[in-house]
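> Before we start, here is the structure in question, set down as structure tokens.
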Amino acid sequence: MGNSSATGSSRAVRLSLCVGVVVLVLLVDAPALSGPHIAGPPAGSSALGARERAAFAGVPSPAPSDTRRGSSGAGTHPDCSRIAPSDLVPLRPAERNWNVYCSNLHGPTGSSGSSQYPQGFGIYNLAMTDDPYDGYVVLLGANGGSGRMNGTETWTFSNGLWTQIASPQSPESCVGSVMAYDDVDHYVLYLGGGNLAPGSNCTSAGQTWSYRAGLWTQLSPVSSPSARQGAALTNDSADGYLLLFGGISPACGTACNDTWTFVGGNWTQRHPVTSPSNRSGAGMAYDVWDGYVVLFGGSSYAGCTGPEQDALYCMDRDTWAYQAGIWTQLAPVGAVPPEPSDDGLVYDAAAQGAFYTVTDDNFSEGAEIWWTFQGGNWTNPSTNGRYAPTLPRNRFGEGLAYDYRDGYDVMYGGTGVGWGRLADTWAYQNGSWRNLTAASGFSASLSILPSSFDLGGSVTFTTAVFGATQTYSYAYSQLPAGCISGNLSSLFCTPSVSGTFYVTVTVRNATGSAVTASANVVIYPMLTIAEFTVDPSNVTLGSPAAFRVTTSGGGSGLQYSYGGLPNACAGETSAAFACTPTETGEFNVTVLVFDDFEATTATTSLNVSASTPTLPYPPLTIVAFFASPAVVTVGAMTVFEVFVQGGTLPDTFAYTGLPAGCVTVTVAELSCSPRVSGSSRTTVTVTDGAGTITSASTTLFVTPPSVTASTTPANPGPTWLQFGVGSAVTALVVAAVTFLVIRRGRPPSRAP
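The opening residue of the sequence shown carries number 1 in this note's numbering; numbering runs sequentially from there.
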């Protein structure tokens, strides 16, 4: 029994140990099943291994494991391709040294030094992230010195220094691009932005590229998200893929709310039951402490009715968590960050929480605003006051990444007041900022107000210097004609030429150290109205008239306002339009054309008259045509008379077959005296005002002077008898026609 008891007890102990080990393994490695964690220590996070939890608990970390890290050689160095951002907790010097090792192993070739750094990029067109495989922060931006919107400058940052590198090929840095480290495929992934901004024609819009060891490679995924601007992208270490959400794309109408994942070289669209609303510019990062992806802010561009929204720019102020394919809206206790659009959000491993910068605020000279997120709640540690040499100024579109090698958040560039390009680099660590721009310890930014205007206007170039209080000198280059450089921090002038100018200021301190800053200014030709016409300029009621304005010069987005238009035409605001007036009169119409900078006017005239009704005239008809008298002697007068009705005035008359002594005249009553005896067949042709033609004929008898009615011929025969009978018949016809017509001239129904 005793032996049996001892054996049973030993078995029970061994069984208990086995169960304990299994439970411990499950606690360590099993994925979380209860949804996002919103509070508490990271021990429940599936993204943290044993060393991570030990580090958070204050227990010394063991040496890197060969089996887990895939060590090279004696196990003193890690396999860089297997390091994930969530593994690099700077509280453990051993693991931070891994990142230094990878940086030394895969560091880029190229010149570097404390005096070299990116010279500032355009608006919202730089992408930046940490690259654990290579051991540095990598940045892609537009060419700073060219003034172009898109470009291919690749820079790396480590140990406080910038290094520019060259790759045999490179994507363009499109407006609103995104970039993140893929800790499954072990490279940096870049997704090109959109071509929504005027002047943007980025060849990499919507393309997918990878970056590793200084080389860019274009990928060819089977399916991809549509080209978009301002999407949110981060590595999701817990779920094993990159996560992308939202952005502005024509495919979505405006902003999207689609969810995509990337792993193994391919994109896959997910269809979660619940998602954040459509938005762009949201901040998103993998929160190692809480074990899920956190998303905050962005601009929805519609609605602005929810209590979590800022109505000024339709900015969303809601916080979401993503874990295991499920979006869950969180309910933070207390305040949340303001103005959350196009902002930066990264995980600060040293502070064990998400670090957030409010970037959509470059309209004032205030200091940068920053917040932190941990355990489901937001904290505001920033001073939110005016900027000082120890604080970065507020800005829009900067790059933000956590530098795992150096153990701090690094912020670069963006645009300041007046959209001047900033080229300063700052480190945030342990609650304070440090300016890392140059060894001289100072940096500068150039703002231009207004940054675009019409020729004839004035402009002010203002240089702000950040750093220790010193005496500085200023020199400006590439100024437009009409502006002369001076040793001034604020330069005012009136340019005499139009064009786009990339102005650079060089600032030197007393020791000769220099920094530069640049910004664009666009000067449009003077706005003029080349022509203002209306066609036709004379119309009748019910007929349309077309107005057209032709302009030259001026900025984009011209607007038009009209005065003096007739009824039914008022309220038009287009450069060309047609309308149908509903009132008569003489109208002097004035157009006011204006852009953001100036206005000019021109005038044209329109005459609107009452319409003339068209009468229903009957067809043109000759009622009667005869000669009176129809029998005359040679030398006696006769009158050819035409009676017409219908048709359109005026009428014209032409006679043919007249006897000798009669000449055609365009009259309705033609008088003449025949000079030759005999009979003649005369035809009259009548043409009315509409071109209608009709004709009729009559016979005139002219007798010799010796022939009279009382003379009896010696030998009366048929010829005399026929003449007598014909005369009698003609007289009867004339009498009948005269009775029917009643009077000479046109019938009463004929319009004058």
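Backbone N, C-alpha and C fix where the C-beta goes; we use that ideal spot for every residue, glycine too.
For clarity, every value in this text was computed on a predicted model and none was experimentally measured.
Starting from F121, trace the beta strand (DSSP E) both ways and give me its first and last residue.
Start at 1 with the first residue of the sequence shown, and residue 121 comes out as number 121. It is not in any beta strand (DSSP E) - F121 carries neither H nor E in the DSSP assignment.
> Among the residues of its own chain, which have a CB less than 6 Å from the CB of T656, if the five just before and after it don't count?
Mapped onto the sequence shown, residue 656 falls at position 656. Excluding positions up to five away in sequence, the list reads T683.
> Give the C-beta separation of T156 and T163 to the nearest angstrom, bearing in mind that I take them to be a contact with Cβ-Cβ under 8 Å.
Working through the sequence shown from its first residue, we reach residue 156 at position 156. Working through the sequence shown from its first residue, we reach residue 163 at position 163. About 5 Å separates the two Cβ atoms, so the contact holds.
> Less than 8 Å between the CB atoms is what I'm expecting for T516 and Q119, so what's the real figure, rounded?
For this step, residue 516 is matched to residue 516 along the sequence shown. For this step, residue 119 is matched to residue 119 along the sequence shown. Yes, they are in contact, since the Cβ atoms of T516 and Q119 sit about 6 Å apart, within 8 Å.
> With distance defined between alpha-carbon atoms, name the residue in Y502, G486, T463 nearest to Q478.
Working through the sequence shown from its first residue, we reach residue 478 at position 478. Considering only alpha carbons, the answer is Y502.
> Does V289 come out as helix, strand or coil in the three-state DSSP assignment?
Residue 289 sits at position 289 when you count from the first residue of the sequence shown. The question names Val, but residue 289 is Trp in the sequence shown. Coil, per DSSP.
> Work out the CA separation of T698 and V634 for me, nearest whole Å.
Position 634 of the sequence shown holds residue 634. Position 698 of the sequence shown holds residue 698. C-alpha separation (whole angstroms): 18 Å.
> Enumerate, from N- to C-terminal direction, the unbroken beta strand (DSSP E) stretches of 3 or more residues contained entirely within the segment 182 to 233.
If we require 3 residues or more, the beta strand (DSSP E) runs fully inside the segment 182 to 233 come out as 187 to 191, 208 to 212, 215 to 218.
> Checking the sheet assignment: what are the DSSP bridge partners for N588?
Mapped onto the sequence shown, residue 588 falls at position 588. According to DSSP, which records beta bridges pairwise, N588 is partnered with S605.
> Express the C-alpha separation of V137 and I326 in angstroms, rounding to a whole number.
Counting from one through the sequence shown, the residue named residue 326 turns up at place 326. Counting from one through the sequence shown, the residue named residue 137 turns up at place 137. Their backbone Cα atoms lie some 30 Å apart in a straight line.
> Within 10 angstroms of the Cβ of M637, are there 16 or more other Cβ atoms? Answer buried if so, exposed if not.
Taking the sequence shown and counting its residues from 1, one reaches residue 637 at position 637. It counts as exposed.
> Which value, in whole angstroms, describes the spacing of the CA atoms of N753 and Y524?
Given that the chain is displayed from residue 1 to residue 752, the structure contains no residue 753 and the question cannot be resolved.
> Where DSSP assigns a beta bridge to N520, which residues make up the other side?
As a first step, residue 520 must be located in the sequence shown, where it is residue number 520. DSSP, once it has assigned bridges, lists Y502 as partnering N520.
> By how many angstroms is the C-alpha of F121 removed from the C-alpha of D258?
Locating residue 258 in the sequence shown gives position 258, where the first residue counts as 1. Locating residue 121 in the sequence shown gives position 121, where the first residue counts as 1. C-alpha separation (whole angstroms): 29 Å.
> To the nearest angstrom, how far is it from the Cα of G678 to the Cα of T621?
Indexing the sequence shown from 1 puts residue 678 at position 678. Indexing the sequence shown from 1 puts residue 621 at position 621. Taking the straight line joining both Cα atoms gives about 30 Å.
> Report back the beta-carbon spacing between G283 and Y356 to the nearest angstrom; my notes put them in contact at under 8 Å.
By one-based count along the sequence shown, residue 283 stands at place 283. By one-based count along the sequence shown, residue 356 stands at place 356. Rounded, the Cβ-Cβ distance is 6 Å, consistent with contact.
> Can you name the start and end residues of the beta strand (DSSP E) that Y402 belongs to?
The residue given as residue 402 occupies position 402 in the sequence shown. Looking at the DSSP string, the run of the beta strand (DSSP E) that includes Y402 is 399 to 403.
> Between the Cα of A690 and the Cα atoms of P619, A624, R681, which residue gives the shortest distance?
Residue 690 sits at position 690 when you count from the first residue of the sequence shown. Cα-wise, what sits closest to A690 is P619.
> Under a three-way DSSP split, which group does V623 fall into?
Against the sequence shown, residue 623 aligns to sequence position 623. Looking at V623 - three-state DSSP - the assignment turns out to be strand.
> Please state whether DSSP places A660 in a helix, a strand or coil.
Numbered from its first residue, the sequence shown carries residue 660 at position 660. In this structure, A660 counts as coil in the three-state DSSP scheme.
> Ordered along the chain, which non-local residues of its own chain (more than five positions away) have a Cβ less than 6 Å from that of Q352?
On the sequence shown, residue 352 is found 352 positions in, with the first residue counted as 1. Taken in chain order, the residues that qualify are W289.
> Should D318 be labelled buried (16 or more other beta-carbon atoms within 10 Å of its own) or exposed?
By 1-based counting over the sequence shown, the position of residue 318 is 318. With 16 or more Cβ atoms within 10 Å of its Cβ, D318 is classed as buried.
> I need the straight-line Cα distance from W370 to G407, nearest angstrom please.
What you label residue 370 is simply residue 370 of the sequence shown in a count that begins at 1. What you label residue 407 is simply residue 407 of the sequence shown in a count that begins at 1. Straight-line Cα distance between these residues: approximately 18 Å.
> Select from S673, S237, G192 the residue whose C-alpha is nearest the C-alpha of L219.
Your numbering for residue 219 matches position 219 in the sequence shown. That would be G192, whose Cα lies nearest to the Cα of L219.
> Do G240 and D185 come within 8 Å of each other at the CB atom, strictly closer than that value?
Along the sequence shown, one-based indexing puts residue 185 at 185. Along the sequence shown, one-based indexing puts residue 240 at 240. Contact: no.
> Starting from S561, trace the beta strand (DSSP E) both ways and give me its first and last residue.
Counting from 1 along the sequence shown, the entry for residue 561 is found at position 561. Here the beta strand (DSSP E) through S561 covers 559 to 563.
> In or out: G413 buried (at least 16 other Cβ within 10 Å) or exposed?
Counting from 1 along the sequence shown, the entry for residue 413 is found at position 413. Burial call: buried.
> Between which two residues does the beta strand (DSSP E) carrying S496 extend?
Numbered from 1 along the sequence shown, position 496 holds the residue referred to as residue 496. No beta strand (DSSP E) contains S496, which DSSP labels as neither H nor E.
> Are the Cβ atoms of A349 and Y402 separated by less than 8 Å?
Start at 1 with the first residue of the sequence shown, and residue 349 comes out as number 349. Start at 1 with the first residue of the sequence shown, and residue 402 comes out as number 402. Taking 8 Å as the Cβ cut-off, A349 and Y402 qualify as a contacting pair.
> Only counting runs of 4 or more residues, tell me where the alpha helix (DSSP H) segments fall wholly within the segment 403 to 438, in order along the chain.
Taking only runs of at least 4 residues, no alpha helix (DSSP H) segment lies wholly in the segment 403 to 438.
> Report buried or exposed for G194, applying the criterion of at least 16 other Cβ atoms within 10 angstroms of its Cβ.
On the sequence shown, residue 194 is found 194 positions in, with the first residue counted as 1. Answer is buried; the Cβ neighbour count reaches 16.
> Do V188 and T234 have their C-beta atoms within less than 8 Å of each other?
For the purposes of this step, residue 188 is taken as residue 188 along the sequence shown, with counting starting at 1. For the purposes of this step, residue 234 is taken as residue 234 along the sequence shown, with counting starting at 1. No. Outside cutoff.
> With DSSP collapsed to three states, give me the class of A636.
On the sequence shown, position 636 is the one that residue 636 refers to. Reduced to three states, the DSSP call for A636 is coil.
> Pick out whichever of F640, T584, T694 has its Cα sitting closest to the Cα of S680.
Mapped onto the sequence shown, residue 680 falls at position 680. The shortest Cα separation from S680 among F640, T584, T694 belongs to F640.
> CB V465 to CB I448, shorter than 8 Å?
For the purposes of this step, residue 465 is taken as residue 465 along the sequence shown, with counting starting at 1. For the purposes of this step, residue 448 is taken as residue 448 along the sequence shown, with counting starting at 1. It is not a contact, given that the beta carbons lie outside the stated cut-off.
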